[in-house]
Each structure stands twice: as structure tokens, then as C-alpha cells.
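See below for the structure under consideration.
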Amino acid sequence: MTMVSSLPQSGTKGFASAQPVLLTPTRCGYLLMNQVKTVSGGAVLRAFCRFLGVALAISSIGLWVMQNAPVMDDTVLLTMKLGLTCLFVGLGGLLYLFGQGGGIASTQIDLHNRMVRRGRISSNNEFETETLVPFEDVTGLLLSCSKATSGIGNARQATLYLRLDDGGENLTAIEVLSGPEQLLRPIQERLLRDLKDDRGGLAIPSYESHGRAGLKIRTDGMAFRAA
Numbered sequence: 050m051t052m053v054s055s056l057p058q059s060g061t062k063g064f065a066s067a068q069p070v071l072l073t074p075t076r077c078g079y080l081l082m083n084q085v086k087t088v089s090g091g092a093v094l095r096a097f098c099r100f101l102g103v104a105l106a107i108s109s110i111g112l113w114v115m116q117n118a119p120v121m122d123d124t125v126l127l128t129m130k131l132g133l134t135c136l137f138v139g140l141g142g143l144l145y146l147f148g149q150g151g152g153i154a155s156t157q158i159d160l161h162n163r164m165v166r167r168g169r170i171s172s173n174n175e176f177e178t179e180t181l182v183p184f185e186d187v188t189g190l191l192l193s194c195s196k197a198t199s200g201i202g203n204a205r206q207a208t209l210y211l212r213l214d215d216g217g218e219n220l221t222a223i224e225v226l227s228g229p230e231q232l233l234r235p236i237q238e239r240l241l242r243d244l245k246d247d248r249g250g251l252a253i254p255s256y257e258s259h260g261r262a263g264l265k266i267r268t269d270g271m272a273f274r275a276a
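Read in order, the letters of the sequence shown correspond to residues 50 to 276 in this note's numbering.
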């Protein structure tokens with residue numbers, strides 16, 4: 050079940066952020082979100098879909114104010130109008146729902162309640178939790194770096210994961226954040242420090258993966274399968 054909570058207010062008191070783009074301080078900890086990736090094209094596409102959906106729905110009204118063609122039977126014309134109205138309204142509704150859905154993928158690090166929440170920020174600025182991981186369930190961090198470079202300055206892209214012991218031969222990992230590698234490393238160090246402090250000074254291992262790895266989708270959110 051998806052849990053919805055209001056997004057906590059941001060504050061910078063007593064917090065030295067190593068990365069202002071990916072990390073936003075909050076009252077209970079901090080929020081991790083790739084803001085550059087968010088505004089790059091997804092928001093524009095969703096806004097365009099909402100506009101096009103509303104335009105199609107409104108255009109269906111114009112079908113009923115059109116004058117009847119003298120060479121066309123009224124029954125045939127009525128059938129055409131009904132069919133086109135259903136098509137425009139249905140397609141417009143789907144486009145509008147597509148523009149509304151999705152949300153912004155982000156991760157909340159709750160230092161007060163000692164847990165990690167992975168979810169999305171809705172259009173109402175509410176955080177919808179998809180995966181909830183207590184600090185004590187985290188067995189390590191994994192930084193998966195791609196071989197290709199992209200983005201500003203040809204930075205190498207990477208993804209940061211929480212490694213969880215699922216009792217099998219492999220370890221399941223929940224995605225925390227993706228972005229340029231040099232921007233994720235300060236986030237990785239911050240998480241390692243917070244998890245170490247939560248364990249009374251006992252450090253947890255940190256791993257790195259360079260290249261491609263297998264993906265696995267779980268019912269409780271996005272997941273990663275690493276050998």
C-alpha cells in the first residue's frame with residue numbers, strides 16, 4: 050500500500066551540504082533528488098500532455114455546434130459525432146492522466162525515525178512512500194557506475210543503492226539516487242557516516258560496480274540485483 054505524507058520543510062541550520070543539487074536538508078534529515086534530471090524534459094512533457102488532453106476534450110464540444118451537412122443523413126452524422134466525441138474525450142483523458150502521473154522519484158533519509166523512504170513527490174507536493182527500509186536492515190552501500198559519459202562536462206553517470214540481505218546467494222539493493230558520479234560520492238560518504246553513527250560507530254561496507262548489472266523488480270519498489 051502506498052503511504053502519503055506531506056513533504057517536510059527545508060532548513061539549512063546545522064547542516065553542511067556537499068551537494069546542493071542532489072541533497073536538500075529537511076527537519077527530520079534530508080531529501081535526495083536529482084533536480085537537474087527532473088526539469089530536463091519530463092516536466093515539460095507532462096505539462097504538454099495535460100494541455101493536449103484538455104484541448105482534445107474541449108474540441109469535442111465543437112463537433113456538436115457544427116452545422117449539419119445537407120448531403121448526409123442525420124443518423125449517420127449523429128453516429129459520427131458520438132464516435133468522435135468518445136475518441137477525443139477518451140484520448141484527452143488518457144493524455145491528461147499521463148501528464149498527472151509519475152511524480153518525481155526521490156528518497157527521504159529520516160534521521161529521527163532511523164529509516165529510508167523511497168518514493169515519489171506528487172504534483173500536490175506530497176511524498177508517496179513506495180519502499181520503507183529501517184537503518185538496521187541496510188548491510189552496505191553500492192555505487193554502480195556506467196562506462197559511458199553524458200550530461201554536462203561529459204560526467205560519468207552512476208546510481209547509488211542500499212544493499213539488503215535477502216537471505217539468498219545475491220544481495221538485493223534499493224535505488225537511492227542516480228546522477229553524475231562525482232556528485233554522488235559526497236552523498237555516499239554522508240550516508241555511510243549517518244549509518245555508522247546509528248550503529249554506534251560500527252562502519253558498514255561500501256561497494257562499487259563498474260559496468261552493467263542485472264535488474265530485478267520487486268513488489269515493494271524499485272530494486273537491483275547484484276552478484
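Every residue gets a Cβ at the ideal spot worked out from N, C-alpha and C, and that includes glycine.
Taking a 10 Å sphere around the C-beta of T73, we find 16 or more other C-beta atoms and assign the residue as buried. Per DSSP, the continuous beta strand (DSSP E) segment holding V182 begins and ends at 175-183. In this structure, L190 sits away from Q231, with a CB-CB distance that is not shorter than 7 Å.
The bridge partners DSSP lists for S108 come to none. Only buried fits P229, as 16 or more other CB atoms lie within 10 angstroms of its CB. Excluding its 5 nearest sequence neighbours in each direction, L133 has C-beta neighbours in its own chain below 6 Å: L112, listed in chain order. Rounded to whole angstroms, the gap between the alpha carbons of R242 and G148 is 38 Å. For M129, the three-state secondary structure derived from DSSP is helix.
For V187, the beta-bridge partners assigned by DSSP are L213.
Here V165 is bridged, per DSSP, to I158, V182. According to DSSP, residue pairing for E257 in a beta bridge involves L192.
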